[in-house]
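Below is one structure, written out as structure tokens; comments come after it.
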Amino acid sequence: MLEHDAALIRRPVLTGHQQIEGLWFPAERFDESERARQILDHWQTGARACRFDDGDLLRFRQPVSVQCDALVGWPLIRQGHTLCSAPLTPQEVARLPAADVWLVRGSHVSALQLRDAITLAPGEWIDVGTYTLLDTFDCSSALPEPAPEPRAVPTDVREILGGALGPVSPEREGVMRALLERPRTAAKSQPDQPVKPSNSAWKSTEVPSWPWLKLGVTFLVLVALFWMATQGQSNGLPPTPVAPEHSAPSDIGAVVLGTVIGSVLFTLLLMGVRKLLRPVEPILPGAARSSRASTPPPTKPPIAPRARPVRHKTAVWRRLLTRLTQHSRLSALYGRRQADYMRRMLAMFENGDLEEALRHAIPLGGGQDSVEQAFGTPQRRQELAISQNQGPSRSMLFEEDLESHLRKIYRQTFERLDRELRIEEAVFVLAELLKDRQEALDYLEKHGRQQQAADLALAWDMPAAMIVRLLSLTGNWERALQVARRDDAFADAVLMLQEKWPANADALRLEWAKALVEKGLWLQAVEVIWSLPAEREQATQWLLNAEAAGGRLAMGALVKRAVLLPDTLVAYGAWIEQLRDDPQRSAERAALAEALLQQKSETNALAWLAGATVHAIIADQACDHGRLTRDQLKALIKMSKDKLLQADLPEQALPRAARVPLERVASALEWEAPDRGNLPIFDAVPLEDARYLVALGEAGALVIDAAGKTLFHFPVPAQTIVLAHGRQVALALAKRDNVWRISKLDLVNRTVKDLGVLILDVFARSFDGTAWTIGRGQQLRVVDVDRGFETLWQVSDLPGQIVSMKDDVQNECLLLSEPGVGCQLWRYRLPERRLQSREPLPEAIFPEGFQLFDRFGVVIDVRLQYQDEDDPILVLEQRGSRKGYRLPGHVDAFANEPLLHVFPVEHWFVIGYGAEDQQSRWRFIHRTSDQVCASLQWPLQNVQVRYLGADWLLFDQQGRLSHINVDEASQCNISLN
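Take the sequence shown: its position 599, counted from the start at 1, is 599 in the UniProt record's numbering, and no numbers get skipped.
Listed below in structure tokens is the structure:
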């Protein structure tokens with residue numbers, strides 16, 4: 001090292017914002033271990049480090065823009081071919097000797113040559129002994145698509161009840177084959193015309209729903225109406241002479257009546273022509289739509305898709321015709337034939353000819369609100385079949401007393417069949433004629449026919465807990481567990497089984513506990529399994545696992561131990577004292593207080609635990625580290641049973657938690673992005689206890705704390721994270737060409753399990769820990785991640801490709817696109833997975849804008865409105881309500897890429913846009929008050945956003961992570977290194 005007199009150097013240090021290419025860590029300021037830590041903290045890919053006698057040098061591969069005054073080491077800039085710690089003028093550079101590094105110290109310049117240094121290998125300083133190295137997963141071929149075994153649920157009483165109703169005639173088989181062949185032939189000749197099978201077992205001679213026949217029948221009915229209205233004047237009798245002043249009203253009435261009838265007829269004709277000229281493929285109601293061809297899809301889910309009550313809309317012509325006939329003489333034309341049919345049917349019941357009476361019996365409405373008028377005459381049934389019709393049916397509209405009489409006859413018939421042990425016919429009367437399906441199932445179960453009851457419950461889509469109970473009684477555990485895991489129906493099913501079938505209830509309870517553990521709900525699993533004495537050892541181990549996880553889960557496990565194993569709490573005395581006395585563990589004490597307050601019972605162990613920590617919790621509350629309200633703090637003091645504390649601490653002295661949510665801040669908060677890190681962040685989600693799960697791509701996934709410290713590492717590729725609702729398990733996804741490699745992360749046991757690969761187009765970004773929604777093409781599936789992606793539910797023929805999906809704990813919304821037709825929004829309600837709405841995507845209001853939708857299916861139109869000289873305005877229109885928000889400092893695009901992001905959630909609009917000085921700006925706007933509550937400055941990067949409840953995470957691939965909590969108006973910045 002050479003030293004040179006630098007008395008003439010005017011600016012010996014670097015200040016302000018500079019583009020630096022290296023850092024110098026002098027030995028007189030940092031020891032060897034501290035220099036090594038600083039090099040690792042500032043390391044970037046491709047950097048190099050070397051060691052001189054006077055210190056260590058870190059050279060960057062790419063220049064870094066930093067604030068020199070905030071750096072720990074000496075910043076170095078490029079002066080020609082030399083790194084220098086001061087901004088030198090050309091005259092000063094000319095006086096210095098050639099060197100690789102110039103270090104300016106006061107009036108002296110030290111010239112360093114790299115050949116005199118020792119090259120360092122920082123990678124050898126990192127201890128990787130605790131990391132688990134796994135073999136590379138072979139993704140050369142994707143796993144085959146799961147092909148659930150097709151298992152059609154029988155809907156015919158003859159099949160379900162064992163064929164006790166007599167054999168089917170050969171003539172009927174020939175007719176059925178012909179009926180089945182006809183749709184196939186029609187499908188081949190007209191592939192675009194859908195075939196809609198009829199589910200009704202009771203048919204009438206009413207005209208089929210073909211447009212020309214409907215129009216013809218309507219025309220004849222209207223002509224008959226006109227004839228009856230005018231028959232009093234055209235009956236062949238000579239007209240009665242009347243005074244001239246009374247002749248005009250009759251003529252006017254005839255003209256008005258003719259005009260009304262003509263208008264109705266003309267309207268119906270126009271509707272018929274419109275229907276013929278615009279054939280529209282009908283979308284069948286329910287969770288699954290009929291395919292275009294009559295043949296079923298190649299695979300079907302093992303559990304029938306969730307049915308949905310049909311929102312049937314009666315045709316306009318039928319509503320009008322029903323209204324006209326009910327208030328005119330035309331009702332006698334079809335009423336006489338129906339009355340004759342009713343008399344014959346009632347005579348059969350009175351004569352005891354039940355075989356024929358049941359085949360002629362007319363089903364009652366079953367409590368349906370919208371039953372359509374049937375104008376035809378019923379026909380005799382060829383077989384006793386149970387209908388699966390979920391919507392309004394067409395039947396004869398009876399008087400109230402006649403319907404009561406029919407109900408009485410059907411009930412007497414059922415009682416007679418029951419006495420004669422004709423169980424099949426009795427079930428038919430209950431299910432099809434009286435429409436009392438629950439009683440039909442109870443009747444089958446009473447006679448020991450659980451399998452038949454289970455099949456009927458599946459066919460009728462009865463409540464999931466009832467299906468699970470019936471399937472478990474038949475010994476079909478596999479299907480019972482599928483239904484229970486799909487609909488989370490364990491709790492109700494266990495209660496149904498507990499009294500009469502305790503063995504089945506205990507077996508189901510054990511499966512329930514295992515399912516909860518797979519979801520990461522350890523404490524709930526302990527509560528469920530504790531009533532089984534043989535499994536308490538397993539429950540104790542689960543408690544230990546929860547305690548080892550630390551944080552909120554460990555505090556909940558400690559309280560659970562105090563309730564279930566109070567004698568073992570003595571061994572935790574020293575640990576509880578450390579928890580009480582450590583000032584840094586206020587968050588754990590707050591979690592313990594919340595867990596104690598959730599307990600409804602009062603035991604000595606809980607009182608001891610509350611008394612041992614309540615003083616520290618009150619101190620935390622006074623220092624603004626607690627989260628309890630005043631009422632919660634009073635309840636905790638009462639739980640401790642500390643009489644002296646209650647006497648010495650008056651109620652008015654209890655501190656209040658000073659928590660101000662973001663929407664109530666007095667003025668908009670100004671936040672800055674964190675400093676740049678070294679590890680790229682592909683995805684990130686918030687966990688409990690101020691921890692985060694971060695996806696690093698091929699480097700795996702990390703769990704870090706609020707300081708950015710790595711707690712543990714999962715050595716599996718992770719580009720996208722799917723977090724469970726309990727935040728204790730997650731899925732890590734990594735794309736490999738056209739497939740996704742999927743791994744399950746257990747955040748409590750800190751283990752990872754490779755699940756395999758799948759071909760996916762879209763998928764839910766959260767799941768319940770077991771059931772995960774995925775989509776590909778026109779197929780939507782819910783798979784069980786713990787059972788080899790077994791299909792729990794699916795819709796295989798959606799009317800369009802699945803484009804995107806939005807989801808939360810209770811909702812899933814799909815955007816479907818069908819070429820040439822348009823887009824639709826389908827919204828399902830969870831966990832029952834009922835189809836709540838199915839609406840076409842409305843046309844865009846702004847041609848130059850774009851559209852967004854949220855998890856509730858609400859569409860928002862967005863456009864940017866430019867002003868002449870002022871800042872542009874972001875216009876958002878939702879359900880007819882239009883709002884505008886000014887974007888100060890907005891810049892249209894950088895590198896020809898527009899930078900505008902809008903995230904609509906329940907209470908917030910979060911808007912990100914490009915601003916001046918190579919920055920992006922993110923604004924948090926409260927939707928109710930339309931106030932900008934916070935603004936965040938971020939370097940111009942591709943920022944990603946994840947939000948979960950009140951937690952918002954913003955991150956980029958330069959190692960920046962910012963956590964914003966809107967309930968507490970707080971920000972936590974992390975630089976991942």
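Beta carbons: idealized from backbone N, C-alpha and C, even for Gly.
When DSSP states are grouped into helix, strand and coil, residue 407 belongs to the helix group. The C-beta of residue 98 has fewer than 16 other C-beta atoms within 10 Å across all chains shown, which makes the residue exposed. Only residues of its own chain outside the window of five on either side were considered, and among them 891, 894, 899, 920 have a CB closer than 6 Å to the CB of residue 914, listed in chain order.
Of the residues 53, 42, 530, the one whose Cα lies closest to the Cα of residue 29 is 53.
Between residue 470 and residue 491, the CB-CB gap reaches or exceeds 8 Å.
Bounds of the alpha helix (DSSP H) holding residue 517 are 502–518.
Annotation: residue 887 to residue 871 spans about 6 Å, alpha carbon to alpha carbon.
Per DSSP, residue 668 has no beta-bridge partner at all. Taking residue 18 as the centre and dropping the five residues before and after it, the same chain places the C-beta of 66, 68, 75, 77 closer than 7 Å to its C-beta, in chain order. A distance below 8 Å separates the beta carbons of residue 716 and residue 752.
Residue 381 is not bridged by DSSP to any residue. A straight line joining the alpha-carbon of residue 836 with that of residue 827 spans about 6 Å. The beta carbon of residue 954 sits closer than 6 Å to the beta carbons of 943, 945, 962 from its chain, once the five residues preceding and following it are set aside; these are given in chain order. Counting only residues of its own chain and dropping the five nearest sequence neighbours on each side, residue 14 has a CB closer than 6 Å to the CB of 68, 75. Shown here, residue 966 sits in coil according to DSSP, grouped into three states, outside any helix or strand. Within the segment 24–92, the beta strand (DSSP E) runs of at least 3 residues that lie entirely inside it are, in chain order, 48–51, 55–67, 74–79, 82–84. Pairing residue 672 with residue 607, the inter-Cα distance amounts to about 45 Å. Counting along the chain, residue 427 sits inside the alpha helix (DSSP H) bounded by residues 423–428. Taking the Cα of residue 548 as reference, the smallest distance to any Cα among 856, 511, 706, 750 is reached at 750. The residue from 21, 648, 71, 27 with its alpha-carbon nearest to that of residue 48 is 21. Around the Cβ of residue 866, a 10 Å sphere holds fewer than 16 other Cβ atoms; the residue is exposed. In the structure shown, residue 481 adopts helical secondary structure according to DSSP, grouped into three states. Counting along the chain, the unbroken beta strand (DSSP E) around residue 885 starts and ends at 881–886.
Under the Cβ criterion (8 Å, minimum of three pairs), the segment 554–563 does not count as touching the segment 768–775. Contact check for residue 590 against residue 626 passes: the beta carbons are separated by less than 8 Å. Residue nearest to residue 697 within the set 713, 876, 720 is 720 (criterion: CA-CA distance).
In this model, residue 443 and residue 509 are separated by some 27 Å (Cα to Cα). A contact is defined here as three or more CB-CB pairs under 8 Å, and the segment 81–89 meets this definition with respect to the segment 102–118. Per the DSSP secondary-structure output, residue 806 pairs in a beta bridge with 813.
In this structure, the beta-carbon distance from residue 972 to residue 662 does not fall below 8 Å.
In summary, residue 541 is exposed, with fewer than 16 beta-carbon neighbours lying within 10 Å of its beta-carbon over all protein chains present. For residue 638, the three-state secondary structure derived from DSSP is helix. The beta-carbon separation of residue 958 and residue 677, rounded to 7 Å, stays under the 8 Å limit for a contact. Residue burial is scored here from C-beta neighbours: residue 613 has at least 16 other C-beta atoms within 10 angstroms and is therefore classed as buried.
Residue pairing by DSSP places residue 850 opposite 862 in a beta bridge. Between residue 113 and residue 754, the alpha-carbon positions lie close to 51 Å from each other.
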